[in-house]
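Chemist: This structure is in C-alpha cells; I'll ask about it shortly.
Chains as they are written, first to last, in the numbering used here: chain W, 4 to 115; chain V, 351 to 463.
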C-alpha cells in the first residue's frame with residue numbers, strides 16, 4: 004500500500020538555526036498537505052501544494068513539491084521556540100475523498 | 351466559527367468493553383474523518399463520512415465503526431476493546447468533499463486497561 008516516509012524522525016536545533024524535513028511517497032501524489040502538531044495538541048493545517056515543482060512561502064517557512072510529485076520538503080529559517088512540534092506531510096489516500104495518508108512525522112525541538 | 355469539538359476528551363475503559371466517541375464538525379462542513387494516533391503507528395485513517403454516507407474506510411477491524419447524522423455530527427464506536435486500542439482518536443472536518451484541508455478537533459484520549 005501507499006507509504007509516506009519522513010526524515011529525520013527527530014531534530015534538535017539551537018534557536019536561530021535552520022531546519023528541514025523531507026517527505027517521500029511511494030506513489031505519485033496529486034497534491035501534498037503539511038500539518039503541524041504542537042506537544043499535547045492536534046494537527047493544524049499549514050499548506051497544500053498541488054503543482055509539480057511548486058514552492059510556497061509562509062514567513063520563515065518554505066514548502067516545496069518535487070518535480071515528480073513524489074517528494075516534498077519543509078524548510079524553516081531561523082527557528083524559534085514557537086516552532087516546536089511535530090511536522091507531518093500528508094498525501095491523498097487510496098479511495099479518494101478527504102482520506103489522508105500521513106507521513107511518519109518529524110519532531111522538532113528548539114533549544115535556547 | 352467554532353472549531354471541531356470532540357467528546358469526551360479523556361476516557362478510561364477496560365478490555366472487552368465498548369466505547370462511543372462523538373465529533374461535531376465546523377458548522378457547514380459535511381465531511382468528517384476519523385484518525386487514530388499512536389506513538390508506534392502514527393496517524394492512521396479510520397473512515398470518512400460525507401452526507402451521512404461512509405465514503406472510505408481504513409485498514410481497521412470491524413470492531414471499529416462509525417456513523418454520521420443529518421446535522422453532520424459523527425460518532426465512532428469501538429467494540430470489544432483491546433489494550434492496543436489505547437490511542438488519541440482525532441476527528442477532522444472539511445468544507446468540501448475532495449482533497450481539502452482538514453480541521454482537526456482536540457481528540458479523545460482513550461486508555462484501555
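Think of the CB as a built atom: it goes at the ideal place given N, C-alpha and C, for glycine as much as any other residue. These numbers were taken from a predicted model, which means no experiment stands behind them.
Just to confirm the assignment, what range does the beta strand (DSSP E) spanning residue 95 of chain W have?
Modeler: 88 to 95 is the span of the beta strand (DSSP E), which, as asked, contains residue 95 of chain W.
Chemist: Compute every distance between the C-beta of residue 63 of chain W and the non-hydrogen atoms of the ligand MG, then say whether any falls below 7 Å.
Modeler: As for the ligand MG, it is missing from this structure, which has no ligand bound.
Chemist: Kindly list the residues whose CB is nearer than 8 Å to the CB of residue 376 of chain V, restricted to its own chain and excluding five residues on each side of it in sequence; keep chain order.
Modeler: Closer than 8 Å at the Cβ level, and outside the excluded window around residue 376 of chain V, lie 351, 352, 353, 354, 443, 445, 453.
Chemist: Taking only beta-carbon positions, decide if residue 455 of chain V is within less than 8 Å of chain W.
Modeler: Judged by the 8 Å Cβ criterion, residue 455 of chain V is in contact with chain W.
Chemist: Quick one: using the 10 Å Cβ neighbour count with 16 as the cut-off for buried, is residue 385 of chain V buried or exposed?
Modeler: With 16 or more other Cβ atoms within 10 Å, it is buried.
Chemist: Between residue 18 of chain W and residue 113 of chain W, what straight-line distance do the alpha-carbon atoms span, to the nearest angstrom?
Modeler: The straight-line gap from Cα to Cα measures roughly 6 Å.
Chemist: State yes or no: is the C-beta of residue 73 of chain W within less than 8 Å of the C-beta of residue 27 of chain W?
Modeler: Going by C-beta atoms, residue 73 of chain W is nearer than 8 Å to residue 27 of chain W.
Chemist: Within its chain, find whatever has a CB closer than 8 Å to the CB of residue 103 of chain W; leave out the 5 residues flanking it on each side and keep chain order.
Modeler: Cβ within range, chain order: 36, 93, 94, 95, 96.
Chemist: With a 10 Å radius around its C-beta and 16 neighbouring C-beta atoms as the bar for buried, classify residue 66 of chain W as buried or exposed.
Modeler: Counting Cβ neighbours within 10 Å, residue 66 of chain W comes out buried, since at least 16 surround it.
Chemist: Please confirm whether residue 395 of chain V has its beta-carbon closer than 8 Å to some beta-carbon of chain W.
Modeler: Judged by the 8 Å Cβ criterion, residue 395 of chain V is in contact with chain W.
Chemist: In its own chain, which residues sit with a C-beta less than 8 Å from the C-beta of residue 84 of chain W, not counting the 5 before and 5 after it?
Modeler: 18, 113, 115.
Chemist: So, is the C-beta of residue 78 of chain W closer than 8 Å to a C-beta in chain V?
Modeler: No, residue 78 of chain W lies away from the interface with chain V (no Cβ there is under 8 Å from its Cβ).
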